[in-house]
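This report concerns only the one structure given below.
Protein chains: 4
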Amino acid sequence: MANLGFIGLGEMGGRITKRLLDAGHTVTGYNRTKSKAQWLLEAGMRWAETPRAVAEAADITFTMVTNTAALHEVFGGPDGVLAGLGKGKIYIDMSTVSPAASRHLASQVPAKGAHMLDVPVSGSVITLEQGNLSLMVGGERAIFEQVKPILLDIGPKVNYVGGNGQAVLMKIAINLNLQVQILAFYEGLLLAQKGGIPRETALEVMLNSAIASPMLKYRAPFILDKPDEAWFNVDMMQKDMLLALEMGRELDVPMPTTALSNEFLTAARAMGLAKEDFAIVYNVLAKLAGLDP
Amino acid sequence: MANLGFIGLGEMGGRITKRLLDAGHTVTGYNRTKSKAQWLLEAGMRWAETPRAVAEAADITFTMVTNTAALHEVFGGPDGVLAGLGKGKIYIDMSTVSPAASRHLASQVPAKGAHMLDVPVSGSVITLEQGNLSLMVGGERAIFEQVKPILLDIGPKVNYVGGNGQAVLMKIAINLNLQVQILAFYEGLLLAQKGGIPRETALEVMLNSAIASPMLKYRAPFILDKPDEAWFNVDMMQKDMLLALEMGRELDVPMPTTALSNEFLTAARAMGLAKEDFAIVYNVLAKLAGLDP
Amino acid sequence: MANLGFIGLGEMGGRITKRLLDAGHTVTGYNRTKSKAQWLLEAGMRWAETPRAVAEAADITFTMVTNTAALHEVFGGPDGVLAGLGKGKIYIDMSTVSPAASRHLASQVPAKGAHMLDVPVSGSVITLEQGNLSLMVGGERAIFEQVKPILLDIGPKVNYVGGNGQAVLMKIAINLNLQVQILAFYEGLLLAQKGGIPRETALEVMLNSAIASPMLKYRAPFILDKPDEAWFNVDMMQKDMLLALEMGRELDVPMPTTALSNEFLTAARAMGLAKEDFAIVYNVLAKLAGLDP
Amino acid sequence: MANLGFIGLGEMGGRITKRLLDAGHTVTGYNRTKSKAQWLLEAGMRWAETPRAVAEAADITFTMVTNTAALHEVFGGPDGVLAGLGKGKIYIDMSTVSPAASRHLASQVPAKGAHMLDVPVSGSVITLEQGNLSLMVGGERAIFEQVKPILLDIGPKVNYVGGNGQAVLMKIAINLNLQVQILAFYEGLLLAQKGGIPRETALEVMLNSAIASPMLKYRAPFILDKPDEAWFNVDMMQKDMLLALEMGRELDVPMPTTALSNEFLTAARAMGLAKEDFAIVYNVLAKLAGLDP
Chain A
0 MANLGFIGLG
10 EMGGRITKRL
20 LDAGHTVTGY
30 NRTKSKAQWL
40 LEAGMRWAET
50 PRAVAEAADI
60 TFTMVTNTAA
70 LHEVFGGPDG
80 VLAGLGKGKI
90 YIDMSTVSPA
100 ASRHLASQVP
110 AKGAHMLDVP
120 VSGSVITLEQ
130 GNLSLMVGGE
140 RAIFEQVKPI
150 LLDIGPKVNY
160 VGGNGQAVLM
170 KIAINLNLQV
180 QILAFYEGLL
190 LAQKGGIPRE
200 TALEVMLNSA
210 IASPMLKYRA
220 PFILDKPDEA
230 WFNVDMMQKD
240 MLLALEMGRE
250 LDVPMPTTAL
260 SNEFLTAARA
270 MGLAKEDFAI
280 VYNVLAKLAG
290 LDP
Chain B
0 MANLGFIGLG
10 EMGGRITKRL
20 LDAGHTVTGY
30 NRTKSKAQWL
40 LEAGMRWAET
50 PRAVAEAADI
60 TFTMVTNTAA
70 LHEVFGGPDG
80 VLAGLGKGKI
90 YIDMSTVSPA
100 ASRHLASQVP
110 AKGAHMLDVP
120 VSGSVITLEQ
130 GNLSLMVGGE
140 RAIFEQVKPI
150 LLDIGPKVNY
160 VGGNGQAVLM
170 KIAINLNLQV
180 QILAFYEGLL
190 LAQKGGIPRE
200 TALEVMLNSA
210 IASPMLKYRA
220 PFILDKPDEA
230 WFNVDMMQKD
240 MLLALEMGRE
250 LDVPMPTTAL
260 SNEFLTAARA
270 MGLAKEDFAI
280 VYNVLAKLAG
290 LDP
Chain C
0 MANLGFIGLG
10 EMGGRITKRL
20 LDAGHTVTGY
30 NRTKSKAQWL
40 LEAGMRWAET
50 PRAVAEAADI
60 TFTMVTNTAA
70 LHEVFGGPDG
80 VLAGLGKGKI
90 YIDMSTVSPA
100 ASRHLASQVP
110 AKGAHMLDVP
120 VSGSVITLEQ
130 GNLSLMVGGE
140 RAIFEQVKPI
150 LLDIGPKVNY
160 VGGNGQAVLM
170 KIAINLNLQV
180 QILAFYEGLL
190 LAQKGGIPRE
200 TALEVMLNSA
210 IASPMLKYRA
220 PFILDKPDEA
230 WFNVDMMQKD
240 MLLALEMGRE
250 LDVPMPTTAL
260 SNEFLTAARA
270 MGLAKEDFAI
280 VYNVLAKLAG
290 LDP
Chain D
0 MANLGFIGLG
10 EMGGRITKRL
20 LDAGHTVTGY
30 NRTKSKAQWL
40 LEAGMRWAET
50 PRAVAEAADI
60 TFTMVTNTAA
70 LHEVFGGPDG
80 VLAGLGKGKI
90 YIDMSTVSPA
100 ASRHLASQVP
110 AKGAHMLDVP
120 VSGSVITLEQ
130 GNLSLMVGGE
140 RAIFEQVKPI
150 LLDIGPKVNY
160 VGGNGQAVLM
170 KIAINLNLQV
180 QILAFYEGLL
190 LAQKGGIPRE
200 TALEVMLNSA
210 IASPMLKYRA
220 PFILDKPDEA
230 WFNVDMMQKD
240 MLLALEMGRE
250 LDVPMPTTAL
260 SNEFLTAARA
270 MGLAKEDFAI
280 VYNVLAKLAG
290 LDP
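Set out below in structure tokens:
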């Protein structure tokens, strides 16, 4: 069993840590708000006072934070992960940041004798708990082969996609589809609804059809039964859309449906729905259709 | 076992007829081009010389043709289905036409003492052969209950959605998603590709992720291995998109991603790709991205 | 001076007739609702009881009605224009219909020894009154040369564009720009407004800039000072957008901004604004921006 | 007559300086590449070796550079404009940068006892030479009143819009319309063309119609007669579109036509057309329409 570290014990990071503990690994953890990690400490996780201390204690250190700024905070400086890395250690970032940001971190790691992989995931908390999470890996292939068994303890689908930064690019390329798919889905749902088919019936039929991606099956019903706390809200979704559009400009890939769908997230924010699950774009579209959702 | 009739023995209609024969039903068939039905005659299907003759021979008559014009041709006139209907008979149309067109046919059937249902399907030839086809049913619920066992012989998911015309509306609401989903998918794929990830790898990872609807799993790889004959080509896809947009105007549902995606089908046609599978919009997008697909 | 006939004495048709009377021509007129023509009768216009009677009385007969259905009504049948045409007469349609519909009428006229031109106009009632209306001409060039002096009495810009139906195509190609321009204009206006610039100031600066088309100068301020009666309402604008999109599919021209903008007219209708001037899309956009216009 | 300074003597800046010299003002100039300023030196302009030296020599100093980075370069540091400002001096930036960047500069100026205005222009080199340039002014109104006579020597339309940064916001709100208008214009032009109307004829008619903004009259014909050097190329246009979209997100204004049109600039870049005038989006659209432009 491996000696692991995990920084960023939020919705996803916390649950991944739990899986790693359940698989028998030793995990030293760190989170900005310690109280949120209480359940993991009770499950056997060790605590470290700084990201650096995690990296010093562990052979393989994971980070999973919300954006580039948060990542820089745990990575650099005297208390950061980089300061704690050493010869032969491996650093795995699971955050969704820009490929350039990821490559910039990766370029600083070899000087310590260590290696970095970017390993973002595709799927939700539910996917994770069902044991179906999909992981993408960027970095040196040999390092990937070394950690592969541990990654398989997180989820059953682990795909090596290329060098550093390529896995976060892959993740971004996938995530833009979330927003476009759900918007198109609701265009269809509203058509059915305004045509007289009960919303529940239309939803059920659509989620039984060939267009029902796992994401749609999971997210689309949110409009019927709004959760108390969104796991992937409008602001988070737009962060990923903007990364996609930025990469599109950098790589000269026009992305018409991505660009258009992104504006509906802006509309959702304008309507005060920034912290709702991104499925709330239903409300934006419904308002355009003259309904009062 | 039931005494059935089937008019329109093409890619889908032919295979559905075969399933009905395999389930032990008697089926009398008709197709404009008889030679295409040879394999079904060999499998035990009876032949009738006109749609009317089919309806006279059968208790329950199905039609499945490509568009409204073709449907009018087999439905009306001295040799049409309507002329052959009689007391207690049931007529089931599986074509994708406008709800209004479907309701117009349905309004003429009761005078014969017969009943009509609209029962479009969601899924491809492959879905059908795997026994996973999804059927939607519009019309009187009592009539639906009567034919339900036979519909279950076609596919395992049979959903009653409402009165006459509601099932084709449901189908249209689903189908617009095909085109939007595949366009967004290729925006992501091109991003990955131009960012240096091999196309095969990107495709595989995306089709293992939360956005992979059954349709995408089936259609998206077409770009790697173009089939000789398209089962759902650009022209057919646009026919459904136009039905969706028309219904959107009628029911006052704005459909931004549908309207935008539809223009890429026009572009595909402009590039001479009208008869290719609709997944060929990859080529349109790739050209916009400066590639020569 | 010429002996003219004019059928369709609405907002535009009535004012054009007045200009023709003012220029010294004899005009025989017909309108479905006679009372609306009272002011023209007082200005010297003669009255005829049917479109046919107009065409019999005049050497050159104009029609200007709202859509294809209305055009067919005044053109065909025992009391229609066609029945009144004869050797050497000229028939000029100024309505905005599809090129195919226009060509279909034109194909029936030669059998009477007469000729047809399609002469749609670009511009509003205001443009007309300022003497700046622009006319496009489709049909035989020799016939155009013959009537050119009379067309110049209507407006100063008269452009021959090609054979029958080409002028209405040209008109459609122009009109799609109205809707896209005004939508983009309001995107900018809302940006300025929400950024703290007073709406009146922003409007004035924008209408003094390089983007201020004559149409924008005339229409955009409607949001400040809504007229009692719209001269070109949401339904009329969408009729033209649909003609444009239909022609785009026929001629294989993808029209992304046209298709997208058209959905905002659907949204306007969904919000109960079908009979407002099309500048009302400001309200749709403002609602998307979280404002209560 | 005033004692002025001008930094950034490119296409626009150089010509504005010439107008100021012609109006009788003293102008001290600076440009990174001195040779480009030769014609102005011959017209009586004085030369300074650094931006700071310009600001020291002049009472009112103008800057007009291509982007935020270039502006920071001439503004800050030991040789920058700020270092040369002093009590009672006025600094006027005419560049198009983000409102935030403009406000950031403005916040540093009062410490020197000086004042700043942002005064972007709307219009092209041609507009300027015809004496029709439109100027927008952001900053203190009293300072504006003080310099107004000098601004009127540049162009006849000078509009005060609000505090610091508001004028560049106004400019951005206008500029997004350039790209959307030209894209819609070409959708119409291609429709006319593919429908059989000669391109020259269609262009002339459209530019005589109610949709012909001054910008379209000037830019749209570029496709017939491509200039050797673009004055406002694809990259520059996209810079402004991105500023608009960024402001839209900041101020919660969804901008669907802006977002969509921007993707066609990315496509133009992907096709190798980054340095062509932005009217080159015609080529992108023409390719989508199956033409080989």
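Chains as they are written, first to last, in numbering that gives the first Met the number 0: chain A, 0 to 292; chain B, 0 to 292; chain C, 0 to 292; chain D, 0 to 292. Ideal placement from N, C-alpha and C gives every residue a C-beta, glycine not left out. None of these values were measured; they are calculated from a predicted model.
Please identify the residue among the options whose C-alpha is closest to the C-alpha of residue i.
| i | options | result |
| --- | --- | --- |
| Glu-228 of chain C | C:Ile-279, C:Ser-260, C:Val-179, C:Ala-269 | C:Ile-279 |
| Gly-289 of chain A | C:Leu-250, C:Arg-268, C:Val-108 | C:Arg-268 |
| Lys-193 of chain C | D:Thr-25, D:Ser-133, D:Leu-40, D:Val-252 | D:Val-252 |
| Ile-181 of chain D | D:Pro-109, D:Gly-161, D:Pro-226, D:Leu-264 | D:Leu-264 |
| Gly-12 of chain B | B:Pro-119, B:Lys-88, B:Ala-113, B:Met-115 | B:Pro-119 |
| Glu-10 of chain A | A:Lys-147, A:Glu-139, A:Asn-30 | A:Asn-30 |
| Ile-196 of chain B | A:Glu-186, A:Ser-106, A:Pro-98 | A:Pro-98 |
So, at 6 Å on beta carbons, what are the nonlocal neighbours of residue i in its own chain, with the 5 sequence-adjacent residues on each side left out?
| i | result |
| --- | --- |
| Gln-165 of chain B | Gly-137 |
| Phe-143 of chain D | Val-136, Tyr-159 |
| Leu-188 of chain D | Ala-201 |
| Thr-65 of chain D | none |
| Ala-105 of chain A | Met-115, Asn-163 |
| Tyr-281 of chain B | Tyr-185, Ile-222 |
In three-state DSSP terms, what is residue i?
| i | result |
| --- | --- |
| Lys-156 of chain D | strand |
| Asp-117 of chain C | strand |
| Leu-150 of chain A | helix |
| Ser-123 of chain C | coil |
| Asp-276 of chain B | strand |
| Val-161 of chain A | What sits at residue 161 of chain A in the sequence shown is Gly, not Val. Note: Gly-161 of chain A maps to strand in three-state DSSP. |
| Asp-92 of chain D | strand |
| Phe-231 of chain D | coil |
| Val-108 of chain B | coil |
Residues in the same chain with beta-carbon distance under 8 Å from residue i, minus the five sequence neighbours each way, listed in chain order, please.
| i | result |
| --- | --- |
| Asn-261 of chain D | Gln-178, Gln-237, Met-240, Leu-241, Leu-244 |
| Phe-184 of chain A | Met-205, Ile-210, Leu-215, Ala-219 |
| Ala-113 of chain C | Leu-84, Gly-85, Lys-86, Gly-87, Lys-88, Ile-89, Tyr-90 |
Measuring CB to CB, does residue i end up less than 8 Å from residue j?
| i | j | result |
| --- | --- | --- |
| Ala-273 of chain A | Val-233 of chain A | yes |
| Thr-256 of chain B | Thr-256 of chain A | yes |
| Leu-127 of chain C | Ile-59 of chain C | no |
| Ser-94 of chain B | Leu-116 of chain B | no |
| Val-80 of chain C | Ile-125 of chain C | no |
Out of curiosity, what's the CA-to-CA distance linking residue i and residue j?
| i | j | result |
| --- | --- | --- |
| Leu-84 of chain D | Glu-72 of chain A | 38 Å |
| Ile-130 of chain C | Ala-211 of chain C | Note that residue 130 of chain C is Gly in the sequence shown here, rather than Ile. Cα to Cα, the separation comes out at about 20 Å. |
| Pro-155 of chain A | Pro-213 of chain A | 16 Å |
| Met-44 of chain C | Asn-176 of chain B | 57 Å |
| Ala-266 of chain C | Met-246 of chain B | 13 Å |
| Phe-61 of chain A | Asn-174 of chain A | 21 Å |
| Met-270 of chain A | Met-169 of chain D | 24 Å |
| His-103 of chain D | Glu-249 of chain D | 16 Å |
| Ile-153 of chain B | Asp-152 of chain A | 41 Å |
| Met-63 of chain A | Phe-74 of chain A | 11 Å |
| Thr-32 of chain B | Trp-38 of chain B | 13 Å |
Please tell me whether, using a cut-off of 7 Å, the distance from the CB of residue i to the nearest non-hydrogen atom of the ligand MN is below it.
| i | result |
| --- | --- |
| Gly-164 of chain A | As presented, the structure is devoid of all ligands, the ligand MN included, so that no description of it is given. |
For residue i, which residues of its own chain have a beta-carbon under 7 Å away from its beta-carbon, when the five flanking residues on both sides are left out?
| i | result |
| --- | --- |
| Asp-78 of chain A | Thr-49, Pro-50, Arg-51 |
| Ala-57 of chain D | Asn-2, Leu-3, Gly-4, Thr-27 |
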